[in-house]
Every structure is written in C-alpha cells, then in structure tokens.
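Engineer:
In this note's numbering, the protein residues as written are 221 to 410.
(1) State the Cα-Cα distance for the pair residue 313 and residue 396, rounded to the nearest angstrom.
(2) So what does DSSP say about residue 372, is it helix, strand or coil?
(3) Quick check: what's the CA-CA separation for residue 352 versus residue 391?
(4) Which runs of the alpha helix (DSSP H) at least 4 residues long sit entirely within the region 254-328? Give them in chain order.
(5) As a quick exercise: from 389, 373, 234, 386, pick the residue whose alpha carbon is nearest that of residue 294.
(6) By alpha-carbon positions, which one of 377, 383, 386, 224 ends up nearest to residue 283?
(7) DSSP three-state label for residue 338, please.
(8) Using the C-alpha atoms, what's the distance from residue 344 back to residue 336?
(9) Helix, strand or coil: how does DSSP classify residue 363 here?
(10) Are the beta-carbon atoms of residue 393 and residue 342 separated by less than 8 Å?
(11) Around the C-beta of residue 398, are 16 or more other C-beta atoms found within 10 angstroms, so that it is buried, or is it exposed?
(12) Mapping DSSP to helix, strand and coil, what is residue 395?
(13) Rank 271, 331, 258 by C-alpha distance to the C-alpha of residue 304 and give the top, closest one.
(14) Would you call the CB atoms of residue 333 and residue 322 closer than 8 Å?
(15) Quick one: Cα of residue 347 to Cα of residue 307, how far?
If you want it as structure tokens, here you go:
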C-alpha cells in the first residue's frame, strides 16, 4: 500500500470514528430516561419477541387455512401490523443497544465486544431451539408422507420467519441482557 493510500485510509477511518462518536453522543442525549433501568428495556425486548412470534403465528395460520382468501387477509393484516409496530420497535431496539449488533468489532470497546459476543451466543442457542422446534412441528404435522401437500405460502412464511428471527434475535437478546449504566460518583462528596 502506498503512503498516500495509507493516509487516505487512516483519514477515512478517523472521520468515521468521529462521526460514530458524535452519533453515539447524540443518541445518549436523546435516549429517554425511562430506558435507563433494566425493566423498561426488558419490556421493549419482550415486545420485540412478541413481534417475532407474530410472524410464526402467521406462518402457522397460513399452514392451516391456505390456500384461501382468509389466509391472504390474515397475511396482509399481520404484515400491516409488523410494518406499523415492528419497524419503529426495531429502530428503538437499535437505539437502545447503540447499534451493538451492527457495528464493526474495531468500533467497540472490550465491554461492548463482550456484551455482543454474549448476545450472539445466546441468540445462536435460541435460534437452534427454534429451528429444532420448526423441524419437529413440521414432521408431526406432515403425516401423509409423499402425498402431503404443504401450502407454498406457508412454506415461504416459515422460511421468512426463520430469516427475520435469525436477523433480529441478537438485537432482542442484546437489549434484554443490557446492564444498567454505572452510577456516576459526585466529585463534590467527601
């Protein structure tokens, strides 16, 4: 690498680091005080888990009643709820964790790296349980062998719910596992 390229790369990394630091300070300033404690954060993480569960319920309902007009209506209603509730909830979770699951490893300090690793490990175990449960339920529900007919919409929704779970579960787990910030000592006290 030439020295000019190395200088440009270093300057680019420094600018990115400065922008991220400014963004983190702004997020810290704007964060509602109600999320300073563990219980409200866990309520928000629970709401995220319920939202993910709604995807799985949609897939199960589609399996039972598809293909029909009712299945299409149910899917559209669930999609509307997920867009109206899920997207703002996901952005709130990202803000609460300060992008812990999306940042590069070199942008995190040791404490954040440890928290991220713990969240990913827990989410991986939970995803494994979800995959095993889907496998068992699918095997139990599909009793007709080669003659069975699985609705295509249900299969798509199961795979979509699995993908969304894989993407958002680390974020939900990271929010759930967040510790309270340390209490600041007053310098005025003796």
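The beta carbon of each residue, even a glycine, is placed where N, CA and C say it ideally should be. Here the structure is a predicted model, which means the values were calculated and not measured.
Structural biologist: In brief:
(1) Against the chain shown, residue 313 aligns to sequence position 93. Against the chain shown, residue 396 aligns to sequence position 176. Rounded to the nearest angstrom, the two C-alpha atoms are 10 Å apart.
(2) Translated into positions along the chain shown, residue 372 becomes position 152. Of the three classes helix, strand and coil, the one that applies to residue 372 here is helix, per DSSP.
(3) Walking along the chain shown from the start, residue 352 turns up at place 132. Walking along the chain shown from the start, residue 391 turns up at place 171. Their backbone Cα atoms lie some 21 Å apart in a straight line.
(4) Counting only runs of at least 4 residues, the region 254-328 fully encloses the following alpha helix (DSSP H) elements, listed from N- to C-terminal order: 258-285, 289-301, 307-317.
(5) Against the chain shown, residue 294 aligns to sequence position 74. Taking only the C-alpha atoms, the option nearest residue 294 is 373.
(6) What you label residue 283 is simply residue 63 of the chain shown in a count that begins at 1. Comparing Cα-Cα distances from residue 283 to each of 377, 383, 386, 224, the minimum goes to 377.
(7) Counting from 1 along the chain shown, the entry for residue 338 is found at position 118. In the structure shown, residue 338 sits in a helix (DSSP, three-state: H, G or I).
(8) Translated into the one-based positions of the chain shown, residue 336 becomes position 116. Translated into the one-based positions of the chain shown, residue 344 becomes position 124. Approximately 12 Å between the Cα atoms of the pair.
(9) To locate residue 363, count along the chain shown from 1; it is residue 143. Looking at residue 363 - three-state DSSP - the assignment turns out to be coil, as it is neither helix nor strand.
(10) For the purposes of this step, residue 393 is taken as residue 173 along the chain shown, with counting starting at 1. For the purposes of this step, residue 342 is taken as residue 122 along the chain shown, with counting starting at 1. Against a cut-off of 8 Å, the Cβ pair of residue 342 and residue 393 comes out as a contact.
(11) To locate residue 398, count along the chain shown from 1; it is residue 178. Its Cβ being crowded by 16 or more others within 10 Å, residue 398 is buried.
(12) Taking the first residue of the chain shown as position 1, residue 395 is located at position 175. If DSSP states are grouped into helix, strand and coil, residue 395 belongs with the helices.
(13) Position 84 of the chain shown, counted from the first residue, corresponds to residue 304. That would be 271, whose Cα lies nearest to the Cα of residue 304.
(14) For this step, residue 333 is matched to residue 113 along the chain shown. For this step, residue 322 is matched to residue 102 along the chain shown. No, they are not a contact pair.
(15) Position 127 of the chain shown, counting from 1, holds the residue named residue 347. Position 87 of the chain shown, counting from 1, holds the residue named residue 307. Approximately 21 Å, taken between the alpha carbons.
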